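In this note's numbering, the protein residues as written are 35 to 277. Yeah, the Cβ is synthetic: ideal placement off N, Cα and C, and Gly gets one too. Predicted, not measured: the structure shown is a model, and the values here were computed from it. Taking it in order: structure first as structure tokens, then the write-up.
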């Protein structure tokens with residue numbers, strides 16, 4: 035994923051050319067989302083942006099790593115109302131709109147998240163998560179750090195390649211306590227949760243991991259398996275939506 039080779043000078047010129055396209059406010063919607071692909075650029079090595087550069091860039095952003103691949107820088111191209119994975123009354127996020135966030139890379143790869151949960155991917159080389167559906171809210175949306183939040187959850191997923199539709203996943207969340215994580219050289223406190231996921235029809239079990247803000251429940255870092263047989267995705271939030 036994210037195989038783009040641009041010179042440093044070209045990267046700078048692309049960024050300057052895109053700055054007039056910024057919109058006011060927090061919506062961060064673009065007239066032409068394909069223009070944002072050129073903002074997320076990297077070569078064969080991990081991409082690392084300075085904290086000062088990230089703060090000056092008026093886009094939400096994150097790092098993403100697919101499997102054992104290099105770290106890529108991604109920007110938020112579009113924010114839309116979230117789906118049924120989010121409760122309309124979420125105590126931990128009562129001041130934050132429930133949004134589905136679409137993050138883009140230079141090669142048109144896309145990660146779609148809701149409250150830090152990967153709910154869809156597009157244009158990844160080995161396969162994609164097509165859809166996540168659930169009858170109850172994702173505990174991530176309710177705030178994992180709250181004692182009232184359920185520690186179990188059931189959902190169904192579809193993925194490709196192949197005809198993988200409606201596979202049921204059951205999850206159990208375990209609070210591993212407070213830890214210190216470092217994102218882009220900045221140390222911060224986080225609550226570490228392990229989500230143990232079972233896929234009964236495949237007799238399969240795997241773990242996802244989430245490091246969340248201990249106050250507001252925002253996912254700061256995660257490691258999530260896209261779907262059975264597909265690679266793991268690691269994300270690190272650099273600049274939050276609406277920040």
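Is residue 223 helix, strand or coil when you go by DSSP?
-> Residue 223 falls in the strand class under three-state DSSP.
From the DSSP output, read off the bridge partner residues of residue 246.
-> Per DSSP, 225, 253.
Could you name the residues of the same chain whose beta carbon sits closer than 7 angstroms to that of residue 265, not counting the 5 residues immediately before and after it, in chain order?
-> Hits under 7 angstroms: 100, 101, 160.
Extent of the continuous alpha helix (DSSP H) run through residue 88 | 85-90 is the span of the alpha helix (DSSP H), which, as asked, contains residue 88.
May I have the straight-line CA-CA distance separating residue 137 from residue 108, to the nearest angstrom?
-> Whole-angstrom Cα-Cα distance: 6 angstroms.
Residue 272 (DSSP reduced to helix, strand or coil) | Here residue 272 sits in strand by DSSP.
Keeping to the same chain, check which residues put their C-beta closer than 6 angstroms to that of residue 204; ignore five residues upstream and five downstream.
-> So the qualifying residues of the chain are 188, 232.
Beta-bridge pairing of residue 259 - partner residues as DSSP gives them = Bridge partners of residue 259: 266.
Compute the beta-carbon to beta-carbon distance between residue 197 and residue 210, rounded to the nearest angstrom, for a pair I have assumed lies under 8 angstroms.
-> Rounded, the Cβ-Cβ distance is 36 angstroms, inconsistent with contact.
Alpha carbon to alpha carbon, what distance is there between residue 143 and residue 157?
-> The straight-line gap from Cα to Cα measures roughly 5 angstroms.
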